[in-house]
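Chains B and P supply the protein sequences, listed in that same order.
When we follow the UniProt record's numbering, the leftmost residue of the first sequence carries the number 1, and every step to the right adds one.
When we follow the UniProt record's numbering, the leftmost residue of the second sequence carries the number 1, and every step to the right adds one.
Yeah, the Cβ is synthetic: ideal placement off N, Cα and C, and Gly gets one too.
Only a predicted model underlies this, so the values are computations on that prediction, with no experimental measurement involved.
Working notes for the structure below.
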Amino acid sequence: MNIYVIMKRTFDTEEKIVINDGVIDEDGAEFIINPYDEYAIEEAIVLRDEHGGEVTVVTVGDEDAEKELRTALAMGADKAVLIDVEDVDEELDHFSISKALTAYFSKKEYDIILGGNVAVDDGAGQVASRVAEGLGINQVTTITSLEIDGTAVNIERDVEGDVEKIETSLPLLVTCQQGLNEPRYPSLPGIMKAKKKPLDTIDLDDLDLEEEDVEAKTKTIDRFLPPEKQAGKILEGEVDEQVDELVQLLRNEAKVI
Amino acid sequence: MDFELTNEQQITKSMVKEFAEQEIAPKAIEVDRNARFPIETFQKMGELGLLGIPFPEKYGGAGGDTITYALCVEEIGKACASTGLSYAAAVSLGASPIYQFGTEKQKQQYLMPLASGKTLGSFGLTEPNAGSDAGGTQTKAREEKDGYVINGEKCWITNAQYASTVIVTAVTGKTTSGKNIISAFIVPTDTKGFKITSPYEKMGVRGSNTSELILEEVKVPKENILGDRQKGFQQFLHTLDGGRISIAALAVGIAQKAYEKALHYAKSRKQFGNPIASFQAIQFKLADMAMEIEAARQLVLKAAWLKDNRKPFKKTASFAKLFASEMATKTCNQALQIHGGYGYMREYEIERMLRDAKLLEIGEGTSEIQRLVIAREIGCLE
Ligand SMILES: Cc1cc2nc3c(=O)[nH]c(=O)nc-3n(C[C@H](O)[C@H](O)[C@H](O)COP(=O)(O)OP(=O)(O)OC[C@H]3O[C@@H](n4cnc5c(N)ncnc54)[C@H](O)[C@@H]3O)c2cc1C
Numbered sequence: 001m002n003i004y005v006i007m008k009r010t011f012d013t014e015e016k017i018v019i020n021d022g023v024i025d026e027d028g029a030e031f032i033i034n035p036y037d038e039y040a041i042e043e044a045i046v047l048r049d050e051h052g053g054e055v056t057v058v059t060v061g062d063e064d065a066e067k068e069l070r071t072a073l074a075m076g077a078d079k080a081v082l083i084d085v086e087d088v089d090e091e092l093d094h095f096s097i098s099k100a101l102t103a104y105f106s107k108k109e110y111d112i113i114l115g116g117n118v119a120v121d122d123g124a125g126q127v128a129s130r131v132a133e134g135l136g137i138n139q140v141t142t143i144t145s146l147e148i149d150g151t152a153v154n155i156e157r158d159v160e161g162d163v164e165k166i167e168t169s170l171p172l173l174v175t176c177q178q179g180l181n182e183p184r185y186p187s188l189p190g191i192m193k194a195k196k197k198p199l200d201t202i203d204l205d206d207l208d209l210e211e212e213d214v215e216a217k218t219k220t221i222d223r224f225l226p227p228e229k230q231a232g233k234i235l236e237g238e239v240d241e242q243v244d245e246l247v248q249l250l251r252n253e254a255k256v257i
Numbered sequence: 001m002d003f004e005l006t007n008e009q010q011i012t013k014s015m016v017k018e019f020a021e022q023e024i025a026p027k028a029i030e031v032d033r034n035a036r037f038p039i040e041t042f043q044k045m046g047e048l049g050l051l052g053i054p055f056p057e058k059y060g061g062a063g064g065d066t067i068t069y070a071l072c073v074e075e076i077g078k079a080c081a082s083t084g085l086s087y088a089a090a091v092s093l094g095a096s097p098i099y100q101f102g103t104e105k106q107k108q109q110y111l112m113p114l115a116s117g118k119t120l121g122s123f124g125l126t127e128p129n130a131g132s133d134a135g136g137t138q139t140k141a142r143e144e145k146d147g148y149v150i151n152g153e154k155c156w157i158t159n160a161q162y163a164s165t166v167i168v169t170a171v172t173g174k175t176t177s178g179k180n181i182i183s184a185f186i187v188p189t190d191t192k193g194f195k196i197t198s199p200y201e202k203m204g205v206r207g208s209n210t211s212e213l214i215l216e217e218v219k220v221p222k223e224n225i226l227g228d229r230q231k232g233f234q235q236f237l238h239t240l241d242g243g244r245i246s247i248a249a250l251a252v253g254i255a256q257k258a259y260e261k262a263l264h265y266a267k268s269r270k271q272f273g274n275p276i277a278s279f280q281a282i283q284f285k286l287a288d289m290a291m292e293i294e295a296a297r298q299l300v301l302k303a304a305w306l307k308d309n310r311k312p313f314k315k316t317a318s319f320a321k322l323f324a325s326e327m328a329t330k331t332c333n334q335a336l337q338i339h340g341g342y343g344y345m346r347e348y349e350i351e352r353m354l355r356d357a358k359l360l361e362i363g364e365g366t367s368e369i370q371r372l373v374i375a376r377e378i379g380c381l382e
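Shown next as structure tokens:
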């Protein structure tokens, strides 16, 4: 089976994030594989071990993403591909990334493409779906269970806490949700072996794309952190007084009633 | 000059950091309170290949380097010092000597299970009457026609109760000038006459197994001599040089954790209407901690780099061990001070870190012994 994973390198949202003039300060940030993409990598490895074939992890980014690609190889993926867009001057958006990936996959034979449900940095959840649309194949998002028998596929997906059961067929793109599996840690022998596994770097030229083809459809105007949480207010006095004051505050300060 | 870690080193560090946070840190309080050795953690570490980092693949290791290993010790020690100490001892003291001095057959038979994490190794040098002066070893090995018979006693030996083999040092004769000849033996722990108990109530690193060894007519075949029979003493000095890098890394890990906790606490604790982190007296403590931790870490990495590049590293390893261990005790002590009365309470974990850190100024050569080593290395005696 030809199994592909689309993976994003993101900063760790559990670490402190610093924004200067609408740009995230990358020097202080810790970078990781997008946690939802870890489910995709794990599932891909499990699929390969069950059905045979090969797992290829693909990312769009720059040289720095090699570390995350090597981590995926260390977990057990067979090959990695970096679509290097470092030389593109303009800011890229979800359209640009999905365009590059679609161009890449349109030249490949694939049975299944797995991605994360969303990336934890911008939380858009756009790229994978756009790739499926671009390729004109089936897609199922937020999956929590996956079974493949021949070309028939049985899926359970998470719908706001409920479970939806879906039957579909290959070729297929899925996005992975928490609960699908427990991603493994890369082992030390795995990390050492990953050094020797193929990691190909290609650029837009190799995909017959011009810079205009991936020109962003959106523009980011600003980025800012949520306002710091204010300390709570504790009302004092008799219960009646407290109720009065609370109603006052809800009406005049919070303006919710 | 390049301060960048390789991809493999970075990936290993991130993996171990996550593993330590998920699997090791949540047990740190419990293993300390109950003085319980977390054997299940070591099984998991073995499966991940952590116990074989600096050994080649053909002996069940990962073919990594000392830098990678030191990064792992730091991350594990940051989560739980007891686990960090037993980990460092298993690799640096239990397994390393077999890799460095063992025959091919010994490596196949004894290093393989250690490096692949199936079992733990241990190193028995210290005796009730021979600590810093390890040359004063009293344990004796008598040569017989088909092997050696060992008699003696060892104290405070890390991991021995969970080990399959202990490397035991013993006197096998005298040189022409009358000095003891000390040799090292690989002694399987299931050998008849080999009694291992754990009678100690420790101040810190309570989750690390510390054992007493009694050897009564313990018989080992000649082929269990490790390395050169005449050179057991030089061999263990060399082993300790390497071990010191890992003890220093462990010190950095403990200090880093105490510092992070203190910084966090100082920003949230308010007195006199302000976070205590706004008081210069507290800021200066934190600034010193951050600086000294970084200095210690650089010494650890330098020593590890020297070892990896087959350059002399004895002096730098002693620098690292001495500076990092004294720094760790000081940092934990100051972190406790910043926590005030809360720091004195078990719940806040700083008092444990202080108890744990203190050991590092004693084990694998006391601070005084490090100063003697350094003094010799810089030529005081020439
Ligand atoms: C938890 C724990 C784990 C251990 N694990 C192991 C292990 O796995 N294997 C092993 O073999 N050992 C182990 N040890 C033993 C440890 O290495 C020794 O405790 C250490 O080497 C010091 O020896 P000592 O305790 O006999 O102190 P002593 O040598 O009696 O020293 C007492 C004091 O005198 C000082 N001193 C001694 N000689 C001099 C000198 N010439 N000049 C100046 N000052 C001097 C020392 O620095 C110290 O302050 C462990 C100890 C502990 C506590």
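In the structure shown, what three-state DSSP assignment does P/Asn224 receive?
Working through the second sequence from its first residue, we reach residue 224 of chain P at position 224. In this structure, DSSP gives P/Asn224 a helical state, which the three-state scheme calls helix.
Proximal residues of chain B, C-beta to C-beta of P/Ala62 below 7 Å
Working through the second sequence from its first residue, we reach residue 62 of chain P at position 62. Those are Leu188, Pro189, Met192, listed as they occur along chain B.
At a CB distance below 8 Å, what residues from the segment 61-78 of chain B approach chain P? Give them in sequence order.
Listed by position along the chain: Glu66, Lys67, Arg70, Thr71, Ala74.
Indicate the three-state DSSP secondary structure (helix, strand or coil) for B/Asn2 in the structure shown.
Taking the first sequence and counting its residues from 1, the one referred to as residue 2 of chain B is at position 2. Strand.
What in chain P is Cβ-close to B/Lys229, meaning under 7 Å?
In the first sequence, residue 229 of chain B corresponds to position 229, counting from 1. Within 7 Å of the CB of B/Lys229, no CB atom of chain P is found; the nearest one sits about 13 Å away.
Less than 7 Å separating the beta-carbons of P/Gly49 and B/Ser187?
For the purposes of this step, residue 49 of chain P is taken as the residue at position 49 of the second sequence. For the purposes of this step, residue 187 of chain B is taken as the residue at position 187 of the first sequence. Yes, Cβ-Cβ distance for P/Gly49 and B/Ser187 is below 7 Å.
State the Cα-Cα distance for the pair P/Cys332 and P/Leu322, rounded to the nearest angstrom.
Taking the first residue of the second sequence as 1, we reach residue 332 of chain P at position 332. Taking the first residue of the second sequence as 1, we reach residue 322 of chain P at position 322. So the alpha carbons of these two residues sit roughly 16 Å apart.
Closer than 8 Å by beta-carbon distance: list the chain P residues that pair up with B/Tyr185, in chain order.
Taking the first sequence and counting its residues from 1, the one referred to as residue 185 of chain B is at position 185. For B/Tyr185, the neighbours in chain P by C-beta distance under 8 Å run, in chain order, Met15, Glu18, Phe19, Leu48.
Does DSSP put P/Tyr148 in a helix, a strand or coil?
For the purposes of this step, residue 148 of chain P is identified with residue 148 of the second sequence, where counting begins at 1. In the structure shown, P/Tyr148 sits in a strand (DSSP, three-state: E or B).
With 16 other CB atoms within 10 Å as the buried threshold, where does P/Phe236 fall?
For this step, residue 236 of chain P is matched to residue 236 along the second sequence. Buried, by the Cβ-count rule.
Contacts of P/Gln10 in chain B (Cβ-Cβ under 7 Å):
Indexing the second sequence from 1 puts residue 10 of chain P at position 10. The answer, in chain order, is Lys67.
Is the separation between the beta-carbon of P/Ala277 and that of P/Val300 shorter than 7 Å?
Stepping through the second sequence from its first residue, residue 277 of chain P is reached at position 277. Stepping through the second sequence from its first residue, residue 300 of chain P is reached at position 300. No, they are not a contact pair.
Starting from B/Asp84, follow its DSSP beta bridges and name the residues at the other end.
The count along the first sequence starts at 1 and reaches residue 84 of chain B at position 84. Listed as beta-bridge partners of B/Asp84 by DSSP are B/Gly61.
Can you pull the chain B neighbours of P/Asn333, defined as C-beta to C-beta under 7 Å?
Here residue 333 of chain P refers to the residue found at position 333 when the second sequence is read from its first residue. Taking a Cβ-Cβ threshold of 7 Å, none of the residues of chain B is close to P/Asn333; the smallest such distance is about 27 Å.
Three-state secondary structure (DSSP) at P/Ala88?
Numbered from 1 along the second sequence, position 88 holds the residue referred to as residue 88 of chain P. DSSP places P/Ala88 in helix when its eight states are reduced to three.
Cβ-Cβ distance between P/Ala170 and P/Lys140 below 7 Å:
Within the second sequence, numbered from 1, the residue matching residue 170 of chain P stands at position 170. Within the second sequence, numbered from 1, the residue matching residue 140 of chain P stands at position 140. Yes; because the gap between Cβ atoms is below 7 Å, this pair is in contact.
In whole angstroms, what is the alpha-carbon distance linking P/Lys174 and P/Asn129?
Here the question's residue 174 of chain P lines up with position 174 in the second sequence. Here the question's residue 129 of chain P lines up with position 129 in the second sequence. Approximately 19 Å, taken between the alpha carbons.
Taking the beta strand (DSSP E) that P/Val171 belongs to, which residues open and close that run?
Counting from 1 along the second sequence, the entry for residue 171 of chain P is found at position 171. From DSSP, the beta strand (DSSP E) with P/Val171 extends over 163-174.
Could you tell me which of P/Ser246, P/Ile282, P/Arg142, P/Ile247 sits nearest to P/Arg229, measuring between CA atoms?
What you label residue 229 of chain P is simply residue 229 of the second sequence in a count that begins at 1. Closest option to P/Arg229, Cα to Cα, is P/Arg142.
By Cβ distance, which residues of its chain are closer than 6 Å to P/Leu286, with the 5 residues on each side in sequence left out?
Residue 286 of chain P sits at position 286 when you count from the first residue of the second sequence. Cβ neighbours of P/Leu286 beyond the five flanking positions: Leu263.
Given that a residue counts as buried once 16 or more other Cβ atoms are within 10 Å of its Cβ, and exposed if not, what is P/Ser177?
Here residue 177 of chain P is taken as the residue at index 177 of the second sequence, counted from 1. Under this definition P/Ser177 is an exposed residue.
Any heavy atom of ligand 1 closer than 6 Å to the beta-carbon of P/Leu213?
Within the second sequence, residue 213 of chain P is the residue found at index 213, counting from 1. No, Cβ of P/Leu213 sits at least 6 Å from all heavy atoms of ligand 1.
Under a CB-based cut-off of 7 Å, is P/Asn7 close to chain B?
Within the second sequence, residue 7 of chain P is the residue found at index 7, counting from 1. P/Asn7 counts as touching chain B.
Can you give me the start and stop residues for the beta strand (DSSP E) that B/Leu173 sits inside?
Start at 1 with the first residue of the first sequence, and residue 173 of chain B comes out as number 173. DSSP places B/Leu173 in the uninterrupted beta strand (DSSP E) bounded by 172-176.
Here's a check: name, in chain order, each residue in its chain whose Cβ is nearer than 6 Å to the Cβ of B/Gly125, leaving out the five neighbours to either side.
Position 125 of the first sequence, counted from the first residue, corresponds to residue 125 of chain B. So the list reads Val118, once near-sequence residues are dropped.
Inter-stretch contact at 8 Å, needing at least 3 Cβ pairs: the segment 79-89 of chain B / the segment 198-214 of chain B:
Verdict: yes, contact present.
Beta bridge counterpart(s) of B/Arg9 as assigned by DSSP:
Counting from one through the first sequence, the residue named residue 9 of chain B turns up at place 9. DSSP output for B/Arg9 lists B/Ile33 as bridge partner(s).
Straight-line CA distance for B/Glu14 to P/Lys222?
Within the first sequence, residue 14 of chain B is the residue found at index 14, counting from 1. Within the second sequence, residue 222 of chain P is the residue found at index 222, counting from 1. The alpha-carbon separation between B/Glu14 and P/Lys222 amounts to approximately 56 Å.
Which residues, in chain order, does the segment 192-208 of chain B contribute to contact with chain P at a C-beta distance below 9 Å?
Answer set for the segment 192-208 of chain B: Met192, Ala194, Lys195.
Is the beta carbon of P/Gly363 within less than 6 Å of some heavy atom of ligand 1?
Mapped onto the second sequence, residue 363 of chain P falls at position 363. P/Gly363: yes, Cβ under 6 Å from ligand 1.
What do you reckon, are the CB atoms on B/Ile6 and B/Gly115 nearer than 7 Å?
By 1-based counting over the first sequence, the position of residue 6 of chain B is 6. By 1-based counting over the first sequence, the position of residue 115 of chain B is 115. With a cutoff of 7 Å on beta-carbon distance, B/Ile6 and B/Gly115 are scored as near each other.
For P/Gln334, does the three-state DSSP call read helix, strand or coil?
Taking the second sequence and counting its residues from 1, the one referred to as residue 334 of chain P is at position 334. DSSP, reduced to helix, strand and coil, places P/Gln334 within a helical segment of the structure shown.
Would you mind giving the Cβ-Cβ distance between P/Ala88 and P/Leu120, rounded to the nearest angstrom? I have them listed as a contact below 8 Å.
As a working note, residue 88 of chain P is residue 88 in the second sequence. As a working note, residue 120 of chain P is residue 120 in the second sequence. Contact flag wrong, Cβ pair sits at about 12 Å.
Taking 7 Å as the CB-CB cut-off, is P/Ile24 touching chain B?
Walking along the second sequence from the start, residue 24 of chain P turns up at place 24. With 7 Å as the cut-off, P/Ile24 does not count as an interface residue toward chain B.
Measuring only between beta-carbons, confirm whether P/Ile196 sits less than 7 Å from chain B.
Taking the first residue of the second sequence as position 1, residue 196 of chain P is located at position 196. Not an interface residue.
To test your reading of the DSSP string, which unbroken alpha helix (DSSP H) runs of 4 or more residues are found completely within the segment 270-311 of chain P?
Complete alpha helix (DSSP H) runs here, min 4: 280-308.
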